[in-house]
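Protein chains: 2
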Amino acid sequence: MHDEPGRPVGPADGVRGRRPRTTRARLAEVALRLFARDGFEATTVDDIADAAGIARRTFFRYYATKADVVWGEFDAELERLRERFRRAPEGLPIVDVVRTAVVATNRFGAGELDQLRTRIELTATVPALVAHSAVQYQAWCDVVAEFAARRLGADPGELGPQTVARACLGAALAAFTVWAARPDEDLDRCLDEAFRILAAGCA
Amino acid sequence: MHDEPGRPVGPADGVRGRRPRTTRARLAEVALRLFARDGFEATTVDDIADAAGIARRTFFRYYATKADVVWGEFDAELERLRERFRRAPEGLPIVDVVRTAVVATNRFGAGELDQLRTRIELTATVPALVAHSAVQYQAWCDVVAEFAARRLGADPGELGPQTVARACLGAALAAFTVWAARPDEDLDRCLDEAFRILAAGCA
DNA sequence: CATATTAGTGCACTCGATGCCAGAATGGGA
DNA sequence: TCCCATTCTGGCATCGAGTGCACTAATATG
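If you read the sequences in order, they're chains A and B. Oh and the first sequence: position 135 is 134 in numbering that gives the first Met the number 0, straight run, nothing missing. Oh and the second sequence: position 77 is 76 in numbering that gives the first Met the number 0, straight run, nothing missing.
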């Protein structure tokens with residue numbers, strides 16, 4: 000995907016200190032392979048570090064927790080989402096804007112889609128990851144609530160924006176998990192359908 | 000509330016072995032007081048055990064994890080919810096049934112309401128509890144999805160029931176957290192309003 | 001070559017959680 | 001009364017995640 004912190008290895012390019020021995024992306028790759036093979040719980044941080052050729056302690060310089068590996072660069076995705084909300088046309092209903100934004104931030108090539116499936120299946124299946132994901136979802140909700148609040152002329156903490164944001168999260172999660180579980184489904188179609196149900200008042 | 004496993008202490012009543020030294024409810028009381036005073040993270044299981052006059056190891060016989068204390072008897076509440084769905088009138092829209100059931104399963108006396116507020120504030124605020132709660136919410140969603148599936152004539156794992164269930168969860172959570180944060184709000188009113196927004200398609 | 005900068009790593013430690021097993025308390029029956 | 005089955009307690013050892021600290025290694029610049 001993209002190689003993150005600094006120059007991976009190679010000729011100098013004007014940055015001072017020692018070059019990192021690996022990247023977040025590579026660590027994630029290694030770890031996800033182990034998770035898929037042995038399970039999340041059965042894989043220790045030592046295993047990941049060994050497989051990646053770094054020390055256990057170093058792993059925690061790249062990711063704060065074992066679970067964070069599964070979430071990759073979610074912060075960046077949140078920022079993209081925020082940007083899309085900023086540029087959203089005024090006329091469009093909130094739910095439609097969110098649906099469009101979610102669809103847009105999840106356009107991947109075929110290879111990446113497979114990795115996404117693995118990630119989603121893990122986060123929806125492994126209890127420890129279900130748990131950890133909630134914190135990420137909260138951040139996602141905050142972004143949506145901020146947008147909904149602007150539209151509703153309310154404070155992001157009020158009931159209106161909060162309800163809209165969390166309901167949108169629910170629809171998106173339903174779409175993602177159903178899609179991840181069935182190889183033949185289309186992600187966009189799932190998202191469209193879920194948000195259609197939401198816009199119809201769950202009737 | 001209710002004193003759980005076996006006779007608390009006192010005269011025999013026909014049960015064989017040694018009598019438990021405490022109860023789940025008492026442990027929860029002790030723990031919640033410590034959480035409220037020192038914070039969830041800063042309170043160790045040793046602290047709770049000491050305060051309750053039992054050994055650390057014994058604590059884990061009453062609750063599987065430190066976080067479980069905050070959730071008390073959620074299993075039982077899920078069962079009550081399931082029962083209500085079973086008895087729900089056929090004509091009522093899904094969302095209304097869920098709203099009514101949630102309101103009904105959360106009728107408490109004034110004293111208990113305070114404890115509920117503490118619990119909700121903790122679960123919505125402390126990251127470790129936000130995380131742990133997700134597992135409980137998943138169970139909640141399963142119950143709602145099961146009901147929605149019956150109504151929609153679908154499988155509980157399909158997109159329709161999943162979307163409805165998760166959206167309902169979102170509405171309920173929004174109501175609970177907004178309520179917990181504001182002393183003057185009324186829980187029933189919050190729930191009604193949140194589900195009204197949901198039924199209106201978040202518009 | 002000296003120095004600042006940045007990354008890697010070993011060590012010790014805390015804390016949650018678990019398995020195992022011995023011991024304490026209790027009721028029932030020979 | 002004495003032993004036994006039952007049930008709960010709790011000590012001990014162990015694992016694994018996560019953290020703070022101090023030291024080492026690599027690299028660019030002057």
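The beta-carbon is built from N, C-alpha and C at its ideal position, and this holds for glycine as well. Here the structure is a predicted model, which means the values were calculated and not measured.
Within chain A, the C-beta atoms nearer than 7 Å to that of proline 126 (chain B) come from Val134, in chain order. The Cβ of threonine 162 (chain B) sits closer than 8 Å to at least one Cβ of chain A. At least one beta carbon of chain A lies nearer than 8 Å to the beta carbon of glutamine 137 (chain B). Using a Cβ-Cβ cut-off of 8 Å, isoleucine 53 (chain A) does not count as an interface residue toward chain B, since no Cβ of chain B sits closer than that to its own.
Here DSSP, grouped into helix, strand and coil, assigns aspartate 154 (chain A) to coil. Contact annotation: in the segment 80-106 of chain A, residues whose CB is within less than 8 Å of a CB in chain B are Pro92, Ile93, Val94. In chain order, Ala127, Leu128, His131 place their CB closer than 7 Å to the CB of alanine 66 (chain A), counting only its own chain and leaving out the 5 sequence neighbours on each side.
Closest in alpha carbon position to threonine 43 (chain A), among A:Val68, A:Ala87, A:Arg23, is A:Val68.
Only residues of its own chain outside the window of five on either side were considered, and among them Ala174, Val177, Trp178 have a CB closer than 7 Å to the CB of cysteine 189 (chain B), listed in chain order. Uninterrupted alpha helix (DSSP H) stretches at least 4 residues long and entirely within the segment 49-92 of chain A occur at 55-61, 67-70, 73-86, given in chain order. No Cβ-Cβ contact shorter than 8 Å links arginine 195 (chain B) with alanine 170 (chain A).
In this structure leucine 33 (chain B) does not touch aspartate 45 (chain B) by the C-beta definition: roughly 11 Å separates them, more than the 8 Å allowed. Across the set B:Arg23, B:Asp74, B:Pro92, B:Glu28, the C-alpha of B:Arg23 shows the shortest separation from the C-alpha of phenylalanine 59 (chain B).
Taking each of A:Arg17, A:Thr162, A:Arg25, A:Gly38 in turn and checking the Cα distance to leucine 121 (chain A), the smallest one comes out for A:Gly38.
For glycine 13 (chain A), there is no enclosing alpha helix (DSSP H), as DSSP gives it neither H nor E.
Beyond the five residues adjoining it in sequence on each side, tyrosine 62 (chain A) comes within less than 6 Å, by CB distance, of Val68 in the same chain, given in chain order. Apart from the 5 residues on each side of it in sequence, glutamate 145 (chain B) sits with its Cβ closer than 6 Å to the Cβ of Pro155 in its chain, given in chain order.
Put simply, of A:Leu26, A:Glu111, A:Ala75 the residue whose alpha carbon is nearest the alpha carbon of threonine 64 (chain A) is A:Leu26. Annotation: glutamate 40 (chain B) has no Cβ neighbours in chain A at a cutoff of 7 Å; minimum Cβ distance is about 14 Å. Note that the C-beta distance between leucine 80 (chain B) and threonine 162 (chain A) is not below 8 Å. Taking 8 Å as the threshold, the shortest C-beta distance from glycine 152 (chain B) to chain A does not fall below it. Around the C-beta of glutamate 40 (chain A), fewer than 16 other C-beta atoms lie within 10 Å, and the residue is accordingly described as exposed.
Around the beta carbon of proline 182 (chain B), fewer than 16 other beta carbons lie within 10 angstroms, which makes this residue exposed. Counting C-beta atoms within 10 angstroms of its own C-beta, alanine 75 (chain B) has fewer than 16 neighbours from the protein chains shown and is therefore classed as exposed.
Excluding five sequence positions before and after valine 29 (chain B), the CB atoms of its chain that fall closer than 8 Å to its own CB belong to Ile47, Ala50, Ala51, given in chain order. Below the 7 Å Cβ cutoff, chain B contributes Gly200 as neighbours of alanine 199 (chain A), in chain order. Annotated as proximal: aspartate 187 (chain B) and valine 102 (chain B), with beta-carbon spacing under 8 Å.
Residue environment for glutamate 82 (chain B): exposed (fewer than 16 other C-beta atoms within 10 angstroms of its C-beta).
Below the 9 Å Cβ cutoff, chain A contributes Ala173, Ala174, Val177, Trp178, Glu184, Cys189, Glu192, Ala193, Ile196 as neighbours of leucine 158 (chain B), in chain order. In the displayed model, cysteine 201 (chain B) falls within coil according to three-state DSSP, outside both helix and strand.
With 16 or more other Cβ atoms inside 10 Å of its own Cβ, phenylalanine 84 (chain B) counts as buried. At a cut-off of 8 Å between C-beta atoms, leucine 168 (chain B) counts as an interface residue with respect to chain A. Residues of chain B whose Cβ lies closer than 8 Å to the Cβ of valine 143 (chain A) do not exist; the shortest such Cβ separation is about 11 Å. In the three-state DSSP reduction, glycine 169 (chain A) falls in the helix class (H, G or I).
The beta carbon of glycine 71 (chain A) lies closer than 7 Å to those of Ala27 in the same chain, with the five residues before and after it left out.
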